[in-house]
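Below you'll find the structure, written out as structure tokens, and then a few comments.
Residue numbers (UniProt numbering): 1 to 122.
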């Protein structure tokens with residue numbers, strides 16, 4: 001036995017001295033004690049769970065990234081969006097931020113409802 005102690009003849013701790021129990025086999029198939037499940041009592045396998053909330057967020061982020069790429073690919077679109085952002089007045093910018101926050105809060109609510117529906121089906 002190898003341990004970290006200087007004297008490796010004796011175990012250093014109780015964990016080093018522990019022995020592994022060798023258990024007998026569960027059963028021998030030849031003795032007939034093994035029962036096979038019947039077709040009527042076998043539980044139906046549950047299908048995979050679709051995480052609808054994750055799909056909603058994936059669609060949101062996918063749409064945002066697609067719109068960002070669409071704007072950034074063309075220099076004319078990029079300049080047009082830059083000019084539009086720079087010419088926004090404070091009221092329009094504030095209302096735009098409020099609408100975006102409202103959409104995110106609504107998505108949290110929708111995802112929460114979806115999660116509740118998924119839990120009730122389990």
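Just so it is clear, CB atoms sit at the ideal spot from N, CA and C, and this is done for glycine as well.
From what residue to what residue does the alpha helix (DSSP H) around residue 114 run? Locating residue 114 in the chain shown gives position 114, counting from the first residue. It spans 90 to 121 - the alpha helix (DSSP H) in which residue 114 sits, taken as one unbroken run.
Residue 73: first and last residue of the uninterrupted alpha helix (DSSP H) it sits in: Here residue 73 refers to the residue found at position 73 of the chain shown. Looking at the DSSP string, the run of the alpha helix (DSSP H) that includes residue 73 is 52 to 73.
Measuring alpha carbon to alpha carbon, tell me which residue in 23, 17, 10 and 53 is nearest residue 109. As a first step, residue 109 must be located in the chain shown, where it is residue number 109. Checking every option, the nearest Cα to that of residue 109 belongs to 53.
Quick check on DSSP: helix, strand or coil for residue 25? Start at 1 with the first residue of the chain shown, and residue 25 comes out as number 25. Here residue 25 sits in coil by DSSP.
Would residue 85 pass as a contact of residue 77 if the rule is Cβ separation under 9 Å? Here residue 85 refers to the residue found at position 85 of the chain shown. Here residue 77 refers to the residue found at position 77 of the chain shown. In this structure, residue 77 does not lie closer than 9 Å to residue 85 by Cβ.
Residue 105 to residue 121, Cα distance in whole Å? Your numbering for residue 105 matches position 105 in the chain shown. Your numbering for residue 121 matches position 121 in the chain shown. Distance between the alpha carbons of residue 105 and residue 121: 25 Å.
My guess is that residue 107 and residue 60 are in contact by the Cβ rule of under 8 Å, so how many angstroms apart are they, rounded? For this step, residue 107 is matched to residue 107 along the chain shown. For this step, residue 60 is matched to residue 60 along the chain shown. Yes, residue 107 and residue 60 are in contact; Cβ-Cβ is about 6 Å, under 8 Å.
Would you report the Cα separation of residue 102 and residue 49, rounded to the nearest angstrom? For the purposes of this step, residue 102 is taken as residue 102 along the chain shown, with counting starting at 1. For the purposes of this step, residue 49 is taken as residue 49 along the chain shown, with counting starting at 1. Cα to Cα, the separation comes out at about 29 Å.
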